[in-house]
Amino acid sequence: MPKKIEVKGDIISNDDQWIYDWLEWDATSPRLIASQLPQTQEPIEVHINSGGGSVFAGSEIYTTLKDYPGEVTVKVVGLAASAASFIACAGDRVLISPTAQIMIHNASMWQGGDYRDMDHASTMLKNTNESIAKAYQMKSGRPYEELLKLMDDETWMTAKQAVEWGLADEVMFQQNTPQIVASVGTGLLPQEVVSKLRGMKNTLIPKTIENTNTEQVSAQLALLKLKGATINE
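Residue numbers 1 to 233, in our numbering, belong to the letters of the sequence shown in order.
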């Protein structure tokens, strides 16, 4: 079973972790994540429920997970917003709970000073947005400008929308999803029939073989293979 690592609460700097720990508030710093990574390069499972926080702490966590040589599966179990949304993009596979959401928006900061300070702050924020959008683009394959527009609009995505936009790969707990088929034949067996036959496979195949001749057995084995049955010949 993959090692479970949690990204919960605020995304914070390493220096602030002790304060949150002392207050017993959920928070995640880069050092906390790095300290939990296995030395054996085994698969890990990162569970995310965070409203975000520091962009630069989030960037360090994202980079740490992307750089991990083992397989990284991300599960968005509650909220992956702001900095937590691009941390989620570090996963080789990103799964999202049907009740979870992903939110992306522009970076923000408090700034004082004259017009030069404000211009500098504006440039910094635009550059930060572009850096974050690059992580979204690498994950989703969506056009860069399109992602920047979604950030401008502060976009909240349901699980289904997150998959449609490419920021998640799969909605959790939906094994019985409809099959999309390209065929001009009579079509596949209904999924409920296939599932029922799979459950009967161990008793169905021996009885079928026992009561038929060689040619019939070969034909039935070929049919069962087409239906996805595993047969040891």
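For each residue, glycine too, the CB sits at the ideal point set by N, CA and C.
A distance below 8 Å separates the beta carbons of I44 and G70.
DSSP places G52 inside the beta strand (DSSP E), whose first and last residues are 44–53. The straight-line gap separating the alpha-carbon atoms of S54 and M1 is approximately 31 Å. Out of Q174, A121, I104, T28, the CA that lies nearest to the CA of D152 is found in I104. Under the DSSP definition of a beta bridge, W165 lacks any partner.
Around the beta carbon of M138, fewer than 16 other beta carbons lie within 10 angstroms, which makes this residue exposed. In terms of Cβ geometry, F86 and G58 form a close pair [threshold 8 Å]. In this chain, I102 is not harboured by any alpha helix (DSSP H); it is covered by the beta strand (DSSP E) spanning 101–104. Using a 10 angstroms sphere on the CB of W110, the tally of other CB atoms stays under 16, which defines it as exposed. A straight line joining the alpha-carbon of I5 with that of A34 spans about 10 Å. Here E6 carries a strand assignment [DSSP, helix/strand/coil]. Secondary structure at E146: helix, using DSSP grouped into helix, strand and coil. Relative to V76, the option among R93, I61, T63 whose CA is nearest is R93. Counting the other Cβ atoms within 10 Å of the Cβ of L147 gives 16 or more, which makes it buried.
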